[in-house]
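Heads up, the final residue of the first sequence is numbered 843 in my numbering, and it's a clean run with no missing numbers.
The structure appears below as structure tokens.
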Amino acid sequence: MKEYAFDEIERRQQERWEKAGLFLADDHDDTRPRYYALEMFPYPSGRIHMGHVRNYSIGDVIARYMRMKGFNVLHPMGWDAFGMPAENAAIKHGTHPAKWTYENIEYMRKELKRMGLSYDWKREFATCDPEYYRWEQLFFIEMYEKGLVYRKKSKVNWCETCQTVLANEQVEDGRCWRCKDEVMERELEGWFFRITAYADELLEGSYRLKGWPEKVLTMQRNWIGKSVGAEIDFPLKGHQGNIKVFTTRPDTLFGVTFLSLSPEHPLALELSKGTGQERAIQEFVEQWNRIPATERRMQREKKGVFTGAYVVHPLTGEAIPVFLANFVLMEYGTGAVMAVPAHDQRDFEFARQYGLPIKLVIRPRDKELQAEDMDAAWEGPGVLVNSGQFDGLDSVVAKEAITDELKRLGRGSPKITYRLRDWGISRQRYWGAPIPMIHCPRCGVVAVPRNALPVRLPLDAHLDKRGRSPLPSLEEFYSTKCPKCDGPARRETDTMDTFVESSWYFARFTCANDISSPLDKELAASWLPVDQYVGGIEHAILHLLYARFFTKVLRDLGYLTVDEPFSNLLTQGMVLKDGAKMSKSKGNVVDPDLMIRKYGADTVRLFILFAAPPERDLEWSDRGLEGAYRFLLRVWRLVQGHISYLREAKTDVGALEAASAASSVLRGLRQKTHQTIEKVTGDIGERFHFNTAISAVMELVNQLSDVLNNLGGVEKDITAGIDPWPVIREAVEAVILLLSPMVPHITEELWAELGHDTFICRENWPVADPQIARADTIKLAVQVNGKLRGQIEVACDASEQTVKERAIKEPNVARFVQGKTVKKVIYVPNRLVNLVVR
RNA sequence: GCCGAAGUGGCGGAAUUGGUAGACGCGCUAGAUUCAGGAUCUAGUGGGCUGUAUCGCCCGUGGGAGUUCGAAUCUCCCCUUCGGCACCA
Numbered sequence: 006m007k008e009y010a011f012d013e014i015e016r017r018q019q020e021r022w023e024k025a026g027l028f029l030a031d032d033h034d035d036t037r038p039r040y041y042a043l044e045m046f047p048y049p050s051g052r053i054h055m056g057h058v059r060n061y062s063i064g065d066v067i068a069r070y071m072r073m074k075g076f077n078v079l080h081p082m083g084w085d086a087f088g089m090p091a092e093n094a095a096i097k098h099g100t101h102p103a104k105w106t107y108e109n110i111e112y113m114r115k116e117l118k119r120m121g122l123s124y125d126w127k128r129e130f131a132t133c134d135p136e137y138y139r140w141e142q143l144f145f146i147e148m149y150e151k152g153l154v155y156r157k158k159s160k161v162n163w164c165e166t167c168q169t170v171l172a173n174e175q176v177e178d179g180r181c182w183r184c185k186d187e188v189m190e191r192e193l194e195g196w197f198f199r200i201t202a203y204a205d206e207l208l209e210g211s212y213r214l215k216g217w218p219e220k221v222l223t224m225q226r227n228w229i230g231k232s233v234g235a236e237i238d239f240p241l242k243g244h245q246g247n248i249k250v251f252t253t254r255p256d257t258l259f260g261v262t263f264l265s266l267s268p269e270h271p272l273a274l275e276l277s278k279g280t281g282q283e284r285a286i287q288e289f290v291e292q293w294n295r296i297p298a299t300e301r302r303m304q305r306e307k308k309g310v311f312t313g314a315y316v317v318h319p320l321t322g323e324a325i326p327v328f329l330a331n332f333v334l335m336e337y338g339t340g341a342v343m344a345v346p347a348h349d350q351r352d353f354e355f356a357r358q359y360g361l362p363i364k365l366v367i368r369p370r371d372k373e374l375q376a377e378d379m380d381a382a383w384e385g386p387g388v389l390v391n392s393g394q395f396d397g398l399d400s401v402v403a404k405e406a407i408t409d410e411l412k413r414l415g416r417g418s419p420k421i422t423y424r425l426r427d428w429g430i431s432r433q434r435y436w437g438a439p440i441p442m443i444h445c446p447r448c449g450v451v452a453v454p455r456n457a458l459p460v461r462l463p464l465d466a467h468l469d470k471r472g473r474s475p476l477p478s479l480e481e482f483y484s485t486k487c488p489k490c491d492g493p494a495r496r497e498t499d500t501m502d503t504f505v506e507s508s509w510y511f512a513r514f515t516c517a518n519d520i521s522s523p524l525d526k527e528l529a530a531s532w533l534p535v536d537q538y539v540g541g542i543e544h545a546i547l548h549l550l551y552a553r554f555f556t557k558v559l560r561d562l563g564y565l566t567v568d569e570p571f572s573n574l575l576t577q578g579m580v581l582k583d584g585a586k587m588s589k590s591k592g593n594v595v596d597p598d599l600m601i602r603k604y605g606a607d608t609v610r611l612f613i614l615f616a617a618p619p620e621r622d623l624e625w626s627d628r629g630l631e632g633a634y635r636f637l638l639r640v641w642r643l644v645q646g647h648i649s650y651l652r653e654a655k656t657d658v659g660a661l662e663a664a665s666a667a668s669s670v671l672r673g674l675r676q677k678t679h680q681t682i683e684k685v686t687g688d689i690g691e692r693f694h695f696n697t698a699i700s701a702v703m704e705l706v707n708q709l710s711d712v713l714n715n716l717g718g719v720e721k722d723i724t725a726g727i728d729p730w731p732v733i734r735e736a737v738e739a740v741i742l743l744l745s746p747m748v749p750h751i752t753e754e755l756w757a758e759l760g761h762d763t764f765i766c767r768e769n770w771p772v773a774d775p776q777i778a779r780a781d782t783i784k785l786a787v788q789v790n791g792k793l794r795g796q797i798e799v800a801c802d803a804s805e806q807t808v809k810e811r812a813i814k815e816p817n818v819a820r821f822v823q824g825k826t827v828k829k830v831i832y833v834p835n836r837l838v839n840l841v842v843r
């Protein structure tokens with residue numbers, strides 16, 4: 006018997022596939038429906054890890070399955086190649102980020118190829134290729150012209166270790182998402198993408214993304230954080246001007262007893278002038294400034310100080326004191342809030358702390374409240390009281406009524422506020438796409454002309470030990486001429502956030518080799534949106550929201566015709582070892598290369614698909630891996646051990662039907678074969694539950710082994726002259742075909758061994774015959790008062806009457822029914838009979 | 001604190017629509033083979049019951065209550081674990 010030489014087999018099959026160009030997507034074939042399967046492309050960090058193996062195994066099953074289902078499949082791969090680790094490695098090892106990156110890509114490409122992933126490698130690119138980022142620079146300029154890019158000075162999150170600005174999303178718990186060092190606050194001028202212009206569409210669109218996990222959509226909605234309310238002006242008492250506040254509860258306007266301003270509010274110091282509160286305010290603000298920005302938000306205790314100033318209530322004319330309060334955020338709304346202690350918990354705590362009045366204006370429908378003995382604010386709905394002309398109104402209705410009144414008086418207006426901030430994309434790093442802008446002392450900011458693109462990142466730059474970008478001091482780079490006035494000018498030396506590259510790479514894959522334009526509109530339209538996107542949940546907000554934003558921008562720039570990039574999203578769970586995420590620091594990393602060398606790519610793929618459904622976390626198990634290997638070995642021996650009979654067998658309908666008519670064992674095997682096809686098709690095609698698909702094939706293999714181990718018995722069972730091998734071959738072929746998307750090499754090899762000269766990955770997915778899959782008898786459970794008391798086997802088409810009679814005659818059932826009256830008989834066809842007795 | 005997901009044998013997990021809980025795999029036990037170990041094959045494997053022992057009973061899906069002829073699945077309360085958000089006015 007031939008040995009299962011997985012390494013030789015896998016390499017040979019991979020070579021065959023490559024030579025035959027099996028996985029190239031056909032841009033021009035319109036006879037088959039198109040399907041775009043995509044996995045999140047990796048950062049070329051050096052080597053692949055188990056997370057990649059899982060991600061790409063899942064994606065590959067989908068791609069291969071859809072191909073067999075007759076789709077023209079696009080399944081590309083590339084490299085998210087800009088980023089800091091390249092710079093860090095360059096500094097540490099005295100190499101160049103480009104060299105490091107391209108060498109890693111070389112290595113990792115080999116690793117991916119060794120896994121037998123069915124990619125269209127002709128579309129591969131790295132985002133650090135000038136031929137890629139040149140188009141990104143073009144988009145930047147076009148967005149700039151449309152007002153979607155702007156420059157502003159802002160307080161930014163600065164990571165000293167990484168020497169760069171971080172987006173809000175890259176700050177976790179006040180620390181840098183990458184190096185985990187504390188983030189500082191800094192004022193810096195930088196470039197922004199106006200993602201807020203799409204806030205509403207991003208939010209609306211989230212309700213139409215039926216193929217996304219609800220969890221991801223919820224996270225995005227929270228991130229966008231839309232609040233509907235009103236902006237209200239409180240005129241300063243005795244001064245010019247007013248203080249603007251944003252509130253979602255205009256219905257509580259009559260309950261305002263003070264105003265709270267952020268300590269960073271521009272009016273903070275000014276308000277106290279001439280009130281005797283100057284010192285107190287000064288101290289409070291100074292104290293506030295001494296607290297590191299990252300810790301400010303963590304303070305939970307409500308603290309504040311009176312500014313000495315008063316504003317006028319816009320409807321009642323009352324004087325309202327103005328406070329500074331440590332919980333008011335400058336970056337949200339207007340940096341000032343109207344305080345309604347009776348109906349906002351924070352205001353309530355603040356008021357209690359400083360002995361400020363609490364005025365009840367919303368009375369809940371089902372209970373009586375007194376301002377004096379409340380122990381928490383009432384934030385729910387109710388009926389308005391103490392609210393002048395609005396008394397008696399429902400609080401929901403009052404929101405609009407009061408806003409209308411304010412608008413009529415010119416003291417306020419409806420307002421929608423978002424938590425989402427514009428996307429700061431400037432990075433003071435070297436290894437990124439240069440921002441194609443020029444600063445001219447005479448003309449100001451000028452875009453690089455389109456015909457001068459790309460602005461190439463100079464490769465002869467020198468990185469200093471501290472990791473600071475060499476670009477601002479590299480004259481050959483920054484020194485240029487103004488495209489408008491031809492005078493001396495300076496190039497922008499910031500580079501783009503690497504999330505920009507990953508925001509449109511999926512679109513570029515549809516026309517990766519187009520050298521004349523960023524996106525071929527027709528090709529993009531023919532492939533997009535991505536039918537199935539697969540990746541980690543850690544990108545739920547960042548990458549996925551940016552990609553959605555970019556898709557809408559590119560649509561509005563005329564490049565794309567779709568509104569959303571990914572129709573269906575599968576977020577796979579993590580790979581754990583000993584209950585924890587694999588990491589170098591924990592020392593629990595399992596090296597995929599090593600495992601592949603030891604057991605082969607098919608075994609590793611099989612284990613990882615079998616151990617858990619894709620969306621759940623997966624616990625790595627060496628034993629489980631061995632189990633997967635053993636199973637493949639069983640399949641191998643099953644086929645090779647009977648190879649000459651199997652090769653001879655002809656699976657024509659006549660032979661199959663004759664054999665199953667002649668033998669109950671063979672009839673049973675055929676039935677199991679077709680049931681398995683049904684089950685696996687559903688599990689892969691509809692649920693992506695590869696674990697149960699595999700276990701179903703295992704059951705078929707078990708039954709097949711039984712039959713083969715007992716061939717003598719089968720032959721006795723058979724009418725003379727009937728050949729059992731067609732039925733056995735049908736089962737064997739089903740096993741091989743059904744497993745092929747998951748373990749493509751061994752199945753390809755066995756397919757050839759059976760005498761096929763076709764590629765299995767080009768075969769049609771098997772179709773179950775429901776007639777054969779259906780059993781002629783069926784086992785039903787019989788319950789008495791809901792407890793299982795027996796089992797009966799009846800003909801499929803048995804009448805309800807027959808079934809009930811059989812059930813009641815079943816000895817053990819009869820025992821429990823004896824001496825009692827049957828009150829009711831519940832009959833669930835194909836499932837059970839339940840006798841209710843008393 | 002708020003939101004979400006999860007909790008099923010020794011372990012990973014299955015039960016797709018309220019209908020025979022524990023499929024499949026790992027591990028374990030016994031047997032066969034072997035000088036031995038490993039590998040392989042066969043059988044068994046949720047807990048309890050000397051009980052009318054190839055059959056049957058009781059208990060059992062984090063805990064408690066409920067709806068139902070019937071609940072791992074639905075409802076309510078509680079516990080634990082993981083993830084996200086965390087003063088967003």
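Just so you know, even glycine gets a beta-carbon here, dropped at the ideal spot from N, CA and C.
The structure presented is a predicted model; accordingly, all values stated were derived computationally and were not measured.
Starting from the C-beta of K586, find all residues in its chain whose C-beta is less than 6 Å away, skip the five residues before and the five after it, and write them out in chain order. As a first step, residue 586 must be located in the first sequence, where it is residue number 581. So the list reads M579, once near-sequence residues are dropped.
Counting Cβ pairs closer than 8 Å, one from the stretch 32-39 and one from the stretch 77-91, do we hit at least three? Per the Cβ contact rule, the stretch 32-39 is in contact with the stretch 77-91 (3 or more Cβ pairs under 8 Å).
Spatial distance of S700 from Y551 (CA atoms): Position 695 of the first sequence, counted from the first residue, corresponds to residue 700. Position 546 of the first sequence, counted from the first residue, corresponds to residue 551. Rounded to the nearest angstrom, the two C-alpha atoms are 39 Å apart.
In terms of DSSP beta bridges, what is D399 paired with? In the first sequence, counting from the first residue as 1, residue 399 sits at position 394. In DSSP, D399 forms a bridge with V388.
CA nearest to the CA of R496, picked from A512, W509 and V460: Residue numbering aside, residue 496 sits at position 491 when the first sequence is read from its first letter. Per the Cα distances, V460.
Determine contact between the stretch 701-710 and the stretch 678-685, defined as no fewer than three beta-carbon pairs at a distance below 8 Å. Yes, the stretch 701-710 touches the stretch 678-685.
Alpha helix (DSSP H) segment containing F615, residue limits: Stepping through the first sequence from its first residue, residue 615 is reached at position 610. The continuous alpha helix (DSSP H) containing F615 extends over residues A606 to F615.
Would you mind sorting E150 into buried or exposed? The rule is 16 or more other CB atoms within 10 Å of its CB. Locating residue 150 in the first sequence gives position 145, counting from the first residue. Burial state of E150 is exposed, judged by a 10 Å Cβ sphere holding fewer than 16 other Cβ atoms.
With respect to the alpha helix (DSSP H) encompassing W213, which residues constitute its N-terminal and C-terminal limits? For the purposes of this step, residue 213 is taken as the residue at position 208 of the first sequence. Note that residue 213 is Arg in the sequence shown, not Trp. R213 -> no alpha helix (DSSP H), and no H or E assigned at all.
In the DSSP assignment, what are the bridge partners of S804? The residue you call residue 804 lines up with position 799 of the first sequence. BP columns for S804 are empty, so no partner.
Nearest to Y634 by CA position, among F612, W625 and G646, is which residue? On the first sequence, position 629 is the one that residue 634 refers to. When each option's Cα is compared against that of Y634, the closest is F612.
Taking I200 as the reference, which of A773, R432 and R424 has the closest Cα? Looking up residue 200 in the first sequence gives position 195. The residue among A773, R432 and R424 with its C-alpha nearest the C-alpha of I200 is R424.
Report the option in Q292, G690 and L241 whose CA atom is closest to the CA atom of P319. To locate residue 319, count along the first sequence from 1; it is residue 314. Ranking the options by Cα distance to P319, first place goes to L241.
Any idea what DSSP makes of S478, helix, strand or coil? The residue given as residue 478 occupies position 473 in the first sequence. Helix.
At 4 residues or longer, and completely inside the stretch 507-547: list those alpha helix (DSSP H) runs for me, N to C. Segments of the alpha helix (DSSP H) lying fully in the stretch 507-547: 510-513 and 526-532.
So H57 is in the alpha helix (DSSP H); what residue range does that whole segment cover? Along the first sequence, read from residue 1 onward, the residue named residue 57 stands at position 52. H57 -> alpha helix (DSSP H) spans M55 to M73.
Please report how far the alpha carbon of N707 lies from the alpha carbon of W509, in whole angstroms. Within the first sequence, the letter at position 702 stands for residue 707. Within the first sequence, the letter at position 504 stands for residue 509. Whole-angstrom Cα-Cα distance: 47 Å.
Assuming P362 and T262 are in contact, meaning their beta carbons sit under 8 Å apart, how far apart are those beta carbons, in whole angstroms? The sequence position of residue 362 within the first sequence is 357, counting from 1. The sequence position of residue 262 within the first sequence is 257, counting from 1. The pair is a contact, with the Cβ atoms about 5 Å apart (cut-off 8 Å).
Contacts around V170, its chain only, beta-carbon distance under 7 Å, and the 5 residues preceding and following it disregarded: Position 165 of the first sequence holds residue 170. Closer than 7 Å at the Cβ level, and outside the excluded window around V170, lie V161, N162, W163, L193, G195, G429, S431, R432 and Q433.
What residue does the beta strand (DSSP E) around V789 start on, and which one ends it? Stepping through the first sequence from its first residue, residue 789 is reached at position 784. Membership of V789 in the beta strand (DSSP E) is indicated by the continuous run T782 to V789.
Tell me, please, which residues DSSP counts as bridged to S159. Counting from 1 along the first sequence, the entry for residue 159 is found at position 154. Within the DSSP bridge table, the entry for S159 names L193 as partners.
Could you tell me the alpha carbon to alpha carbon distance between V345 and K404, rounded to whole angstroms? In the first sequence, residue 345 corresponds to position 340, counting from 1. In the first sequence, residue 404 corresponds to position 399, counting from 1. Each residue's Cα considered, the two are about 14 Å apart.
For G88, count the other beta carbons within 10 Å of its own beta carbon; 16 or more makes it buried, fewer makes it exposed. Which is it? For the purposes of this step, residue 88 is taken as the residue at position 83 of the first sequence. Buried: at least 16 other Cβ atoms inside 10 Å.
Suppose the cutoff is 7 Å on Cβ atoms and the five residues either side in sequence are ignored; what does the same chain contact list for D728 look like? Here residue 728 refers to the residue found at position 723 when the first sequence is read from its first residue. The answer, listed in chain order, is A660 and A664.
For M343, three-class secondary structure by DSSP: In the first sequence, residue 343 corresponds to position 338, counting from 1. Three-state DSSP puts M343 in a strand.
Nearest candidate by alpha-carbon position, reference G56, set V609, R226 and Y650: Working through the first sequence from its first residue, we reach residue 56 at position 51. That would be V609, whose Cα lies nearest to the Cα of G56.
Can you give, in chain order, each stretch of the alpha helix (DSSP H) that sits fully within the stretch 66-154 and has at least 4 residues? Within the stretch 66-154, the complete alpha helix (DSSP H) runs of at least 4 residues fall at 89-98, 102-119 and 135-150.
Taking the alpha carbon of Q931 as the point to measure from, which residue in A617, G824 and T752 has its own alpha carbon closest? The displayed coordinates of the chain run from 6 to 843. Any statement about residue 931 would go beyond what the structure contains.
For H444, which beta-bridge partners are listed by DSSP? Your numbering for residue 444 matches position 439 in the first sequence. Paired residues: V450 and R495.
Do you know offhand how far L479's Cα is from A466's? Position 474 of the first sequence holds residue 479. Position 461 of the first sequence holds residue 466. Near 7 Å, if we compare the C-alpha coordinates of A466 and L479.
Can you tell me which of C448, E147, L671 and G632 puts its alpha carbon nearest to the alpha carbon of C490? Locating residue 490 in the first sequence gives position 485, counting from the first residue. Comparing Cα positions, the closest option is C448.
Go through its chain and collect everything with a Cβ distance to D622's Cβ below 7 Å, but skip five positions before and after it. Counting from one through the first sequence, the residue named residue 622 turns up at place 617. These residues qualify, in order along the chain: G578, M579 and L581.
In the DSSP assignment, what residue or residues form a beta bridge with I432? Here the question's residue 432 lines up with position 427 in the first sequence. Note that residue 432 is Arg in the sequence shown here, rather than Ile. The beta-bridge partner set that DSSP reports for R432 consists of T500.
Fully enclosed by the stretch 642-689, which alpha helix (DSSP H) runs are 4 residues long or longer? Listed in chain order, they are 648-653, 658-667 and 669-687.
Assuming Q287 and L274 form a contact by the criterion Cβ under 8 Å, report the distance between their Cβ atoms to the nearest whole angstrom. The residue you call residue 287 lines up with position 282 of the first sequence. The residue you call residue 274 lines up with position 269 of the first sequence. Contact between Q287 and L274 holds: CB atoms are separated by about 7 Å, below the 8 Å threshold.
By DSSP, does T752 sit in helix, in strand, or in coil? Mapped onto the first sequence, residue 752 falls at position 747. Correct three-state label for T752: helix.
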